[in-house]
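Each remark here refers to the structure printed beneath this line.
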Amino acid sequence: MSLQLYDTATRSVRDFVPREAGKVGIYLCGVTVQSPPHIGHLRSGVNYDVLRRWLEYRGLEVRFIRNITDIDDKVLARAVAEAVPYWSIAYRNERLLDDAYDAVGVRLPTYEPRATGHIPEIQALIQRLIDRDHAYATDTGEVYFDVSSYADYGALSGQRPDEMRSGEETAPGKRSPLDFALWKGVKPTEPADAYWPSPWGRGRPGWHIECSAMTWRYLGEEFDIHGGGLDIRFPHHENEIAQSRAAGFGFARYWVHNGPLNLGGEKMSKSLGNVVDLPSLAARGLRPAEVRYYLSAPHYRSVIDYSEAALDEAAAAYRRIEGFVQRAVERVGVVETDGVVPAGFELVMDDDLNTPQAFALVHETVRAGNTALAAGDDEAVRQALGEVLTMLGVLGLDPLTDTPAARSGLADTVDSLVALALQQREAARARRDWPAADAVRDQLKQAGVLIEDTPHGPRWTLAANATDGP
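If you're matching positions, the sequence shown starts at 1 in the UniProt record's numbering and goes up one per residue.
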């Protein structure tokens, strides 16, 4: 079975056939950096990271572009409110976004272009649209896309232009409420350094045009996959298609949208203020790997309704996997894998990235591994451990390195200190000094380390770890 993906444009699951054999070009609409990131942003990052990893596992060379919108109405409004340069707002939040992506294991894109770094490309594309009679300039220095000039406008979102309500404000010289801004003129309420010279007067780019200019620059006139949240299918992606196709580009061949992360019945959004971020989850004791599990276990097209209970359940599930991996490594050591996932895992991942079924197979293998551990079947333990690590690796998770100690860079130190304490406990037990042995165990427990006496000697785990029974 070949990889199949749901294409929003055709409203169907399609066989994925790369434009160029062996290579894939992906563009993901990134984040507008007017404020710190929340886990809704991370869901998008994690979902497309899984897609990228699976494409690479299938032997494809992936060029992955994820943009940064570092200038727009919201960024400028925040700069005015804080009385600081707009670029300082963007840079500060971009750094926070990078840290959050890194924490949950989202790999760096091939390129991560900023809107402000591509003004020449944006202006060239706008002029191309004017020359092809798809855009017009006004006397006030604005340039608008003429929606009536593009016959297929509304096809992506399944809307008819005569039924649409524009989100664009009315303005002098604007021909239709549906026309959208490609270039915005100077406004006295915005920072003076937020503008560039242009053939139409000083101004700045509109939101939609930057993505078309960046895909053109980094992926060419036609590319494979365009990603982003379903919530920006209209108007953002609809406008991207219109301006890119009107410019004569083939543009995206597949549209792959992820579902929203809701809180309180509404999409998690900075503008609504209903956000949960990574630091707040860390304060509750959640680790980044557990957050990644929570975000990637549901299907990427599904709606996630955030709740602390659901997040805690996901964290417990990941810890069960960790518990098996730790016990198996203690028993048989770290196994060398051939890097090939089980056939069933490949089948469900090729089925529109069916991660719920993929994780179900991981847990099924964990249960089989725990049964093998209980039976002392080392060969079956090795097989289960290798399969679990290989499947998790494709999903961007690694229980051998994503432990709290490893994250802090203190894995060897923690291991040595616990080993020393266990030696003291064993010495006390050997001389039948039970109070001293119990005291060591209790002190370790207070430090978050649990001791389990097994036929093979004592083993320790962090207090959060649980086990997935046979």
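No residue lacks a Cβ here, since even glycine has one placed at the ideal position from N, Cα and C.
For this session: Please classify P235: is it buried, with 16 or more other beta-carbons within 10 angstroms of its beta-carbon, or exposed?
Result: P235 is classed as buried because its beta carbon has at least 16 other beta carbons within 10 Å across all chains shown.
For this session: Taking L42 as part of the beta strand (DSSP E), name the residues at either end of that continuous run.
Result: Counting along the chain, L42 falls outside any beta strand (DSSP E), though it belongs to the alpha helix (DSSP H) covering I39 to Y57.
Exercise. Distance, Cα to Cα, G206 vs R284?
Worked result: So the alpha carbons of these two residues sit roughly 39 Å apart.
Exercise. Taking just the CA atoms, how far does K445 sit from A405?
Worked result: Reliability of the predicted coordinates at A405 is poor, the pLDDT of 49 falling under 50, and the value obtained from them is presented with this limitation in mind. A straight-line Cα-Cα distance of about 16 Å links A405 and K445.
Exercise. Does the separation of the CB atoms of A384 and T401 fall below 8 Å?
Worked result: It is not a contact, given that the beta carbons lie outside the stated cut-off.
Problem set entry | Cβ pair count under 8 Å reaching 3, the stretch 86–98 against the stretch 48–58 | Contact between the stretch 86–98 and the stretch 48–58 is absent, because fewer than three Cβ pairs lie under 8 Å.
Exercise. If you drop the 5 nearest sequence neighbours on each side, which residues of the same chain put their C-beta closer than 6 Å to that of V348?
Worked result: Within the same chain, and ignoring the five residues on either side of V348 in sequence, the residues whose Cβ sits closer than 6 Å to its Cβ are N354, Q357 and A358.
For this session: Closer than 8 Å by C-beta to L156: which residues in its own chain qualify, once you throw out the five before and the five after it? Chain order, please.
Result: Only residues of its own chain outside the window of five on either side were considered, and among them T8, A9, R233, F234, H237, E238, I241 and W255 have a CB closer than 8 Å to the CB of L156, listed in chain order.
Problem set entry | From S296, L373, G339 and V303, residue whose alpha carbon lies closest to that of A360 | Nearest C-alpha to A360: S296.
For this session: Compare the C-alpha of E452 against each of V418, R431 and V381 and name the closest.
Result: From the listed residues V418, R431 and V381, the smallest Cα separation to E452 is found for V418.
Exercise. DSSP beta-bridge partners for P458?
Worked result: D453.
Exercise. Short check: CB of D350 to CB of L3, under 8 Å?
Worked result: Annotated as proximal: D350 and L3, with beta-carbon spacing under 8 Å.
For this session: Within the same chain, show all residues whose beta-carbon is closer than 6 Å to that of R407, passing over the 5 residues directly before and after it, in chain order.
Result: Its pLDDT being 49, under 50, R407 is placed unreliably by the model, and nothing is read from it.
Exercise. Using the beta-carbon count (16 or more within 10 Å), is Q443 buried or exposed?
Worked result: The residue is exposed, with fewer than 16 neighbouring Cβ atoms inside 10 Å.
Exercise. Of all the options P36, V13, L28 and Y27, which has the alpha carbon lying nearest to the alpha carbon of S280?
Worked result: Between S280 and the set P36, V13, L28 and Y27, the nearest pair of CA atoms involves P36.
Exercise. V341 and M391: beta carbons closer than 8 Å?
Worked result: Cβ atoms of V341 and M391: closer than 8 Å.
Exercise. The alpha helix (DSSP H) with V226 in it runs from where to where?
Worked result: In the sequence as presented, Val is not what sits at residue 226; that position holds His. First-last for H226: E222 to G229, but that is the beta strand (DSSP E), not the alpha helix (DSSP H).
Exercise. What first and last residue would you give for the alpha helix (DSSP H) that runs through L125?
Worked result: It spans I119 to D131 - the alpha helix (DSSP H) in which L125 sits, taken as one unbroken run.
Exercise. Quick one: is W216 buried, meaning 16 or more other Cβ sit within 10 Å of its Cβ, or exposed?
Worked result: Note on W216: 16 or more other CB atoms within 10 angstroms of its CB, so buried under the neighbour-count rule.
Exercise. Considering only C-alpha positions, which residue in the set V84, E222 and G393 is nearest to R107?
Worked result: It is G393 whose Cα lies nearest to the Cα of R107.
For this session: Report, in whole angstroms, the separation of the C-beta atoms of N258 and R43, which I expect to be a contact under 8 Å.
Result: That pair is a contact at about 7 Å.
For this session: Use the C-beta contact count for V381: other C-beta atoms within 10 angstroms, 16 or more gives buried, fewer gives exposed.
Result: Buried.
For this session: Using alpha carbons as the reference points, say which of F223, H208 and C211 lies closest to G25.
Result: Answer by Cα proximity: F223.
Exercise. Span of the beta strand (DSSP E) holding H257?
Worked result: F251 to N258 is the span of the beta strand (DSSP E), which, as asked, contains H257.
Exercise. Just how far apart, CA to CA, sit Y91 and D70?
Worked result: Rounded to whole angstroms, Y91 to D70 spans 8 Å at the Cα level.
Exercise. Which runs of the alpha helix (DSSP H), 4 residues or longer, sit entirely within the stretch 157–244?
Worked result: Those alpha helix (DSSP H) runs which fall completely within the stretch 157–244 and span 4+ residues are 207–219.
Problem set entry | Presumed contact (8 Å Cβ cut-off) between I65 and Y111, rounded CB distance | Right, their Cβ atoms sit about 5 Å apart.
For this session: Inspect the CB distances between the stretch 11–19 and the stretch 195–204 and report whether three or more fall short of 8 Å.
Result: With the cut-off at 8 Å, the stretch 11–19 and the stretch 195–204 do not touch.
Problem set entry | Beta-bridge partners of Q4, as assigned by DSSP | DSSP lists D15 and D351 as partners of Q4.
For this session: Whole angstroms is fine: what's the gap from G117's alpha carbon to G220's?
Result: When only Cα atoms are considered, G117 and G220 end up about 18 Å apart.
Exercise. When you compare only the Cα positions, how much space is there between A103 and A282?
Worked result: If I take the Cα positions, the gap works out to 11 Å.
Exercise. How big is the Cα-Cα spacing for V46 and A375?
Worked result: Cα-Cα distance, rounded: 37 Å.
Problem set entry | Whole alpha helix (DSSP H) elements within the stretch 250–330, 4-residue minimum | You should have 278–283 and 288–296.
For this session: With DSSP collapsed to three states, give me the class of R407.
Result: Confidence is the limiting factor: at R407 the pLDDT is only 49, short of 50, which leaves the residue's position unreliable, though a coordinate-based value still follows. Looking at R407 - three-state DSSP - the assignment turns out to be helix.
For this session: May I ask you to verify whether the stretch 296–314 touches the stretch 121–130, counting CB pairs closer than 8 Å and requiring at least 3?
Result: Between the stretch 296–314 and the stretch 121–130 there are fewer than three inter-stretch CB-CB distances shorter than 8 Å, so the stretches are not counted as touching.
Exercise. Are the beta-carbon atoms of A328 and L395 separated by less than 8 Å?
Worked result: Cβ atoms of A328 and L395: not closer than 8 Å.
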